[in-house]
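Novice:
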Amino acid sequence: DSGVTQTPKHLITATGQRVTLRCSPRSGDLSVYWYQQSLDQGLQFLIQYYNGEERAKGNILERFSAQQFPDLHSELNLSSLELGDSALYFCASSVASLLQETQYFGPGTRLLVL
Amino acid sequence: DAKTTQPTSMDCAEGRAANLPCNHSTISGNEYVYWYRQIHSQGPQYIIHGLKNNETNEMASLIITEDRKSSTLILPHATLRDTAVYYCIVRPGAGGTSYGKLTFGQGTILTVHP
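Residue numbers (the working numbering), protein chains in the order written: chain W, 1388 to 1501; chain X, 372 to 485.
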């Protein structure tokens, strides 16, 4: 158990819909990262938040957005869903100090868009 | 980010050492070598990381060549539960523009046989 929690574990929805994925980082971690894993693209970095502010952006679609709240949990919002958005979505967290940046991953949310 | 090259797949007998190689010939001075593994769609699990020196923890050992162009992850006594995809990742140190994200390749599928 990494200490990172993600909800829900599974999500089934229809094209055009909007969903929200939630992540709670390990206690004390300030940084949250979101990754997408699809069959054809592998594990890809989407976005990073540090203490409530966006720090780095990867290949995140404009239809996707994220935020980190004052209690440090994070949400990833996916809108206007397409079939190709079906994937595993992982959240990771790290302390985010200069000396220690190891990321610990949650169990993931499996999204199926029908 | 430096690219890594890993064999697509490897086999290992249970109880024997598993030695997983990784080439990262374009690694630069402040980049770390990280190893993660992913067991059947679970969240990636951190194993070990290093900069220059060899490292050992309760899970594995990491051997980095003197020129830092390659490394080997060693699982000393592989078990069936070590069957997973193993990712070797080169990651910038603090201050780099891409600091934070992990860039996953295809990894090595390690199968441990009874």
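From the three backbone atoms N, C-alpha and C, an ideal C-beta is built for every residue, glycine too.
Is P1494(W) close to chain X, meaning its C-beta is less than 8 Å from at least one C-beta of that chain?
Specialist: By this cut-off, P1494(W) is an interface position.
Novice: When DSSP labels each residue in this structure, what does L1426(W) get in the three-state scheme?
Specialist: In this structure, L1426(W) counts as coil in the three-state DSSP scheme.
Novice: On the DSSP bridge list, what partners appear for R1497(W)?
Specialist: R1497(W) pairs with H1397(W), L1475(W).
Novice: Residues in the region 413–427 of chain X with C-beta within 9 Å of chain W's C-beta atoms, listed in sequence order?
Specialist: Result list: Q413, G414, P415, Q416, Y417, H420.
Novice: Spatial neighbours of Y457(X) within its chain, please: C-beta separation below 7 Å, excluding the five flanking residues on both sides.
Specialist: So the qualifying residues of the chain are L391, W406, R408, L444, G478, T479, L481.
Novice: Tell me the residue span of the beta strand (DSSP E) that contains N1438(W).
Specialist: N1438(W) -> no beta strand (DSSP E), and no H or E assigned at all.
Novice: Alpha carbon to alpha carbon, how far is E1440(W) from V1500(W)? Give it in angstroms, no decimals.
Specialist: Cα to Cα, the separation comes out at about 29 Å.
Novice: Please tell me whether A1483(W) and Y1491(W) are closer than 8 Å, where the distance is taken between their beta carbons.
Specialist: Taking 8 Å as the Cβ cut-off, A1483(W) and Y1491(W) do not qualify as a contacting pair.
Novice: Around the Cβ of K1444(W), are there at least 16 other Cβ atoms within 10 angstroms (buried) or fewer (exposed)?
Specialist: Per the 10 Å Cβ criterion, exposed.
Novice: Quick one, which residues of the region 1418–1432 of chain W are near chain X if we go by CB-CB under 9 Å, in chain order?
Specialist: So the list reads S1418, Y1420, Y1422, Q1424, G1429, L1430, Q1431, F1432, given in the order they occur along the chain.
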